[in-house]
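Visitor: Chains as they are written, first to last, in numbering that gives the first Met the number 0: chain A, 0 to 120; chain B, 0 to 120. Got a structure for you, questions after.
Protein chains: 2
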Amino acid sequence: MMTKVIGMNEILEKALLYDFYGELLTDHQKYVYEQFLLEDLSLSEIAQNVGISRQGVHDLVKRCGHILESYEEKLHLVKRFISIKNKLRVMEQMLDNYNAKDEKVILEDIRRISQEIIEAL
Amino acid sequence: MMTKVIGMNEILEKALLYDFYGELLTDHQKYVYEQFLLEDLSLSEIAQNVGISRQGVHDLVKRCGHILESYEEKLHLVKRFISIKNKLRVMEQMLDNYNAKDEKVILEDIRRISQEIIEAL
Chain A
0 MMTKVIGMNE ILEKALLYDF YGELLTDHQK YVYEQFLLED LSLSEIAQNV GISRQGVHDL
60 VKRCGHILES YEEKLHLVKR FISIKNKLRV MEQMLDNYNA KDEKVILEDI RRISQEIIEA
120 L
Chain B
0 MMTKVIGMNE ILEKALLYDF YGELLTDHQK YVYEQFLLED LSLSEIAQNV GISRQGVHDL
60 VKRCGHILES YEEKLHLVKR FISIKNKLRV MEQMLDNYNA KDEKVILEDI RRISQEIIEA
120 L
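Structure, rendered in structure tokens:
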């Protein structure tokens, strides 16, 4: 299998974009793009599976990436969800580090974060 | 102004759909649809403003509604956000009703809700 020159963060970002907007692709685009993104097959392997040229797979994968990115540029939903998830993680950590001595403080912090999340929705 | 035969829940639902997916409409569609949805003008008033027929406005508004609904049918993002918002409201209420006697219970409940929200993201 060909090694891809693609960093982990980039893969995660593409996966999030696909998770949010993938249903807006056609069935054919999803079929090909999933092999690239989720099954991690090389372009040549996908080309064989789908019965189109390697260049055809390359173009389709690139186009799908652009389509998903253009939805994010307009709707910013991935960005919004990451922000909410981070706030919730902070809340979880506070609960993990909970100490009975400062329950007042922690409850106030949780309330503040909860309000921030509601405002971010 | 013409009274619209449209319930409050329906308006709220349309407003949420527009809030989430409105940026996927064209500028012209947004211009007309906002007058209908946000400024609450009648079809005749919008027709005068925009310089198209009342029937043209009617068709455009209907078409915009369908476009926004079709995005929701595919992505379910409004449904997901409503679910998260409801969970956060429960959390807020728990904090409002906080009583020092049962801080252990409330913190466990908050942790459970927080995990539910993360899973729903």
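Where is the CB? At the ideal position from N, CA and C, for every residue including glycine.
Show which residues of chain B have a CB atom less than 7 Å away from the CB atom of Lys-84(A).
Guide: Residues of chain B passing the Cβ test: Ile-117 and Leu-120.
Visitor: What is the DSSP secondary structure of Ser-52(B), reduced to helix, strand or coil?
Guide: In the structure shown, Ser-52(B) sits in coil (DSSP, three-state: anything other than H, G, I, E or B).
Visitor: Are there 16 or more other CB atoms within 10 angstroms of the CB of Ile-10(A), so buried, or fewer, so exposed?
Guide: When all chains shown are included, Ile-10(A) counts as exposed.
Visitor: For a test of the three-state rule: what should DSSP assign to Asp-39(A), helix, strand or coil?
Guide: In this structure, Asp-39(A) counts as coil in the three-state DSSP scheme.
Visitor: Compute the distance between the beta-carbons of Lys-86(A) and Ile-112(A), then report whether it is under 8 Å.
Guide: In contact: Lys-86(A) and Ile-112(A) (Cβ atoms closer than 8 Å).
Visitor: Give me the Cα-Cα distance between Gly-50(A) and Tyr-17(A), rounded to the nearest whole angstrom.
Guide: When rounded, the distance between both Cα atoms is 23 Å.
Visitor: Would a C-beta distance cut-off of 8 Å place Leu-125(A) and Arg-110(B) closer than the cut-off?
Guide: No information on residue 125(A) is available, as it lies outside the stretch 0 to 120 that chain A covers here.
Visitor: Pick out whichever of Ser-82(A), Glu-91(A), Glu-118(A) and Leu-42(A) has its Cα sitting closest to the Cα of Asp-108(B).
Guide: For the residues Ser-82(A), Glu-91(A), Glu-118(A) and Leu-42(A), the minimum Cα distance to Asp-108(B) belongs to Glu-91(A).
Visitor: With Asn-85(A) as the anchor, note down where its alpha helix (DSSP H) starts and where it stops.
Guide: Taken as a continuous stretch (DSSP letters only), the alpha helix (DSSP H) holding Asn-85(A) covers 76-95.
Visitor: Hey, Leu-40(A) and Tyr-32(A): beta-carbon distance below 8 Å or not?
Guide: No. Outside cutoff.
Visitor: State the Cα-Cα distance for the pair Lys-13(B) and Tyr-30(B), rounded to the nearest angstrom.
Guide: Roughly 15 Å separates the two Cα atoms.
Visitor: Would you say Glu-12(A) faces chain B, with C-beta separation under 8 Å as the test?
Guide: Judged by the 8 Å Cβ criterion, Glu-12(A) is not in contact with chain B.
Visitor: Pull up the distance between the alpha-carbon of Val-4(A) and that of Asp-26(A), whole angstroms please.
Guide: With a pLDDT of only 48 at Val-4(A), under the threshold of 50, the placement of this residue in the model should not be trusted; the figure read from the coordinates follows. If I take the Cα positions, the gap works out to 27 Å.
Visitor: What does Tyr-97(A) reach in chain B if we use C-beta pairs closer than 8 Å?
Guide: In chain order: Leu-106.
Visitor: Within its chain, find whatever has a CB closer than 7 Å to the CB of Ile-45(B); leave out the 5 residues flanking it on each side and keep chain order.
Guide: Cβ within range, chain order: Val-31, Gln-34, Phe-35 and Val-56.
Visitor: Return the chain-ordered list of same chain residues with a C-beta closer than 6 Å to the C-beta of Leu-76(B), the five sequence neighbours on each side being excluded.
Guide: Same-chain partners within the cutoff: Phe-19.
Visitor: Roughly how many angstroms lie between the CA atoms of Ser-69(A) and Arg-79(B), to the nearest whole one?
Guide: Whole-angstrom Cα-Cα distance: 22 Å.
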